[in-house]
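Everything in the sequence shown is counted per the working numbering, starting at 1 for the first residue and increasing by one. A quick write-up on the structure given underneath.
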Amino acid sequence: MEGITITDEAFKSEGHPALLLAGPGTGKTYQIAKRIKFLTDNGIPPSEITVITFTSEAAGNMRKKIEDEGGNEYIEPDKRPGRVSTMHSLGHTILSENPKLFGLQRDFKVVDNETVKRILMNDAALILDKNFDDAEDAFYLRRSGSKSDDSKKIVEMYERILRACNSIDYDDQILLACKLLRENEEIREKYSSESKYLLVDEYQDINPDQFELIKILSADFPDGLFVVGDDDQSIYRFRGGSPAFIRRFQSDYGERSEVFQMDESRRCPVNILESALSVVVKFDKSRVPKSPFNYKRKDSGLVIIHDCPSDDREAEIIAGIILDKIKKAKELGKDPGDFLILIPTKFYGEKIYSVLNRYNISVDFKPLAVSEGFSKLRTIKRWLEDNSSNITTRLVIEFIIDSGSVGIPGPKSRSEEKIKIRASGEKIVSSLWAMVIEKNISLYEALKILSKTNELCNNVFKRLIELQETYIKKDVSEFLEVLSSCTKPWSTPEHFLNDVDNVIFNTDRKVMVDKNYLVRLMSYQGAKGLEAEYVFSIGLEKGTIPRNKNSEKVAEEARLFFVAMTRAKDEIHLFHCRKRSGSATFMPISRNLTRSSFLDSLPEDKIETTYHPAKSKLRS
1 MEGITITDEA FKSEGHPALL LAGPGTGKTY QIAKRIKFLT DNGIPPSEIT VITFTSEAAG
61 NMRKKIEDEG GNEYIEPDKR PGRVSTMHSL GHTILSENPK LFGLQRDFKV VDNETVKRIL
121 MNDAALILDK NFDDAEDAFY LRRSGSKSDD SKKIVEMYER ILRACNSIDY DDQILLACKL
181 LRENEEIREK YSSESKYLLV DEYQDINPDQ FELIKILSAD FPDGLFVVGD DDQSIYRFRG
241 GSPAFIRRFQ SDYGERSEVF QMDESRRCPV NILESALSVV VKFDKSRVPK SPFNYKRKDS
301 GLVIIHDCPS DDREAEIIAG IILDKIKKAK ELGKDPGDFL ILIPTKFYGE KIYSVLNRYN
361 ISVDFKPLAV SEGFSKLRTI KRWLEDNSSN ITTRLVIEFI IDSGSVGIPG PKSRSEEKIK
421 IRASGEKIVS SLWAMVIEKN ISLYEALKIL SKTNELCNNV FKRLIELQET YIKKDVSEFL
481 EVLSSCTKPW STPEHFLNDV DNVIFNTDRK VMVDKNYLVR LMSYQGAKGL EAEYVFSIGL
541 EKGTIPRNKN SEKVAEEARL FFVAMTRAKD EIHLFHCRKR SGSATFMPIS RNLTRSSFLD
601 SLPEDKIETT YHPAKSKLRS
């Protein structure tokens, strides 16, 4: 990438497609808001401006910024853009105006649950005599836009199943919108004229379908395109996102396009940002080289590596740091600030969550058991109230099969024989979709018909009838007994009681405790766009972060680590353990763990390292 211009006034760019490289905390949201104000102040009708953000929260924040009468970016109501939305929301709007073109009713549903999508993709593969691995390939290849012949057939069947449910996939909102815009000139001209000035946030995370939507919308008015992003923060490869689009911007939009960079770090102090940069520079060789940052903050910030004996001790150390910060802030009559704990998967959060609860530290976190157990109950409740939804019926059928109550091995079975039995049972269930599609009946009706000739379907149907009958009788004890035997929302009474305790605790704490004391515990990906005074990064061991040896995947994990570190405004605490619970790592050996290669790349003059020996827990 050539000819990068350093400026804090990129929002004034005119007469060419423009890319603004905006690193963490440099003010990219400010630039987009200023861009909107600049356009409207110069007579551009708001009906010709479309603003696309990556998340609904970002869209809301943008609207709030331009509607704040006390802010520098305030825009009079009659000058505000006609559309500020996510790309998926824009796609949904386009489809909602033309649902019949895709065989949909106006009340069509959008399936965005990953578990549901995987179940339906598995069904599609089994219908075509393919296996679970083929379904997984199709699941990922569908997002990348590159599919083998087998994957294409599986995807086509998957889409037929969705249409039989009057539904579309979450990604279909963009994929089908692109198809409609390509094939219908009148509709394309309408949306193109409303996007003469197209502003796109988080450009580094777009996937091939999103890129195509941007290209279609900006084709007639390329000079109005203004995109903002940072390839160092591209972390959504699992959704098809790629930093390639930001890196090839000039190739895609021609020699007249211009690239700008903001170089002032407003959020991160020097030690934190320079440490984070050292990792992406080393592990992501394709990154766009950028000019050094200028630091607005005078303090250097703290980067502390914690070498812990175990994840039990790690949780205690984290609680101790948080309690100490809160205590000191109270003594000074100050706000202690925000605490953000980042984990590789939810399994890493269970111990931390439990320890923080024990010390009465309010935590914003949904433990695994809560999400699995109570989400099952919500789905079952929806089905009992209305069994006409094919997708809800399919989920309840899956719960019943997974429970083992109909003779089918569970999804975690490892023996070859059990895997074959499960695949055979799932194939029978998948065949129900043929009846749904061909006869235009519900999945429940198809199951009822096949239950007369097939033993597995008969057993599943009997369980559904039991659930319905005991629910109607309103005998709570009998209903719970049937519910437990049919679907097993919890594996043990202890898990159930722990879930209830967690829900009650968090409900009470969120009402009683000042939200400033709330600790957020979430995945690395979930922290994108957030910031906190104190950030804790967990799981920095070899085999976890980075998990892969593939250079492309390591590069993305380096960018994810970069994003995690740059959430911190004052301190970043980096944790690696010499031993972890196998229930968290799922590794054959969880002892004698060594620290991540990412930690070895941090500049020694900007970090501190603390070795923690095993010792007694904190006193309450």
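All C-beta atoms in this analysis are idealised placements derived from N, C-alpha and C, irrespective of residue type, glycine included.
Residue environment, residue i, which counts as buried when at least 16 other CB atoms sit within 10 Å
| i | result |
| --- | --- |
| D501 | exposed |
| S291 | exposed |
| Q671 | Outside the shown range of the chain, which is 1 to 620, sits residue 671, and nothing can be said about it. |
| I75 | buried |
| E185 | exposed |
| A18 | buried |
| A555 | buried |
| S300 | exposed |
| D386 | exposed |
| G70 | exposed |
| K515 | A caution first: K515 carries a pLDDT of 44, below 50, which makes its placement in the model too unreliable to give a value. |
| F238 | exposed |
| N592 | exposed |
| Y359 | exposed |
Presumed contact (8 Å Cβ cut-off) between residue i and residue j, rounded CB distance
| i | j | result |
| --- | --- | --- |
| Y197 | E48 | 6 Å |
| L450 | L432 | 6 Å |
| L266 | T53 | A small fix is needed here, since residue 266 is Arg in this sequence, not Leu. Contact flag wrong, Cβ pair sits at about 20 Å. |
| I322 | I361 | 6 Å |
| H612 | C308 | 5 Å |
| D311 | K285 | So it is not a contact: roughly 33 Å between Cβ atoms. |
Helix, strand or coil at residue i according to DSSP, with G and I counted as helix
| i | result |
| --- | --- |
| N440 | coil |
| Y236 | coil |
| T610 | strand |
| K569 | strand |
| R520 | strand |
| M1 | coil |
| N387 | coil |
| I119 | helix |
| K579 | strand |
| C308 | strand |
| I341 | strand |
| N294 | strand |
| L302 | strand |
| K109 | strand |
| F536 | strand |
| V406 | coil |
| I6 | strand |
| S413 | coil |
| L104 | coil |
| R547 | coil |
| D644 | Residue 644 lies beyond the stretch modelled for the chain, which goes from 1 to 620, so this question has no answer here. |
| V288 | coil |
Range of the contiguous beta strand (DSSP E) that encloses residue i
| i | result |
| --- | --- |
| H16 | Element bounds for H16: n/a, residue is neither H nor E. |
| M587 | Per DSSP, M587 belongs to no beta strand (DSSP E) and is neither H nor E. |
| G229 | 226-229 |
| A527 | Segment: none, A527 is in no beta strand (DSSP E) and carries neither H nor E. |
| V355 | Premise fails: V355 lies in the alpha helix (DSSP H), 350-358, not in any beta strand (DSSP E). |
| Q261 | 258-262 |
| L199 | 197-200 |
| S47 | Here S47 belongs to no beta strand (DSSP E), and DSSP marks it neither H nor E. |
| R83 | 83-86 |
| D169 | 167-169 |
Element boundaries [alpha helix (DSSP H), containing residue i]
| i | result |
| --- | --- |
| I465 | 455-473 |
| D209 | 208-218 |
| K34 | 28-41 |
| R422 | 416-430 |
| T487 | 476-487 |
| C178 | 172-183 |
| F245 | 244-247 |
| F283 | 270-283 |
Heavy atom of the ligand NAP within 7 Å of residue i beta-carbon
| i | result |
| --- | --- |
| D335 | For the structure depicted, the ligand NAP is absent and the ligand set is empty, with no information on it obtainable. |
Handout entry: At least three beta-carbon pairs within less than 8 Å, the segment 253-260 to the segment 593-611
Key = Contact between the segment 253-260 and the segment 593-611 is absent, with fewer than three C-beta pairs closer than 8 Å.
Exercise for the section: Please determine if the segment 455-473 and the segment 150-169 are in contact, where contact requires at least 3 C-beta pairs separated by less than 8 Å. Expected result: no
Exercise for the section: Count the C-beta pairs between the segment 530-544 and the segment 492-499 that are closer than 8 Å, then say yes if the count reaches three, no if not. Expected result: Result no; under three Cβ-Cβ pairs closer than 8 Å.
Handout entry: At least 3 beta-carbon pairs within less than 8 Å: the segment 211-226 vs the segment 2-19
Key = Yes, they touch.
Handout entry: Given 8 Å, three or more beta-carbon pairs between the segment 80-89 and the segment 168-175
Key = yes
Problem - Contact the segment 343-363 vs the segment 310-326: 3+ CB pairs below 8 Å - result: yes
Practice task
Answer yes if the segment 188-205 comes into contact with the segment 99-111, meaning at least three C-beta pairs across the two stretches below 8 Å, and no otherwise.
Solution key: no
Problem - At least three beta-carbon pairs within less than 8 Å, the segment 521-535 to the segment 328-339 - result: yes
Practice task
Please determine if the segment 519-528 and the segment 411-418 are in contact, where contact requires at least 3 C-beta pairs separated by less than 8 Å.
Solution key: When Cβ pairs closer than 8 Å are counted between the two stretches, the segment 519-528 is seen not to touch the segment 411-418, the count staying below three.
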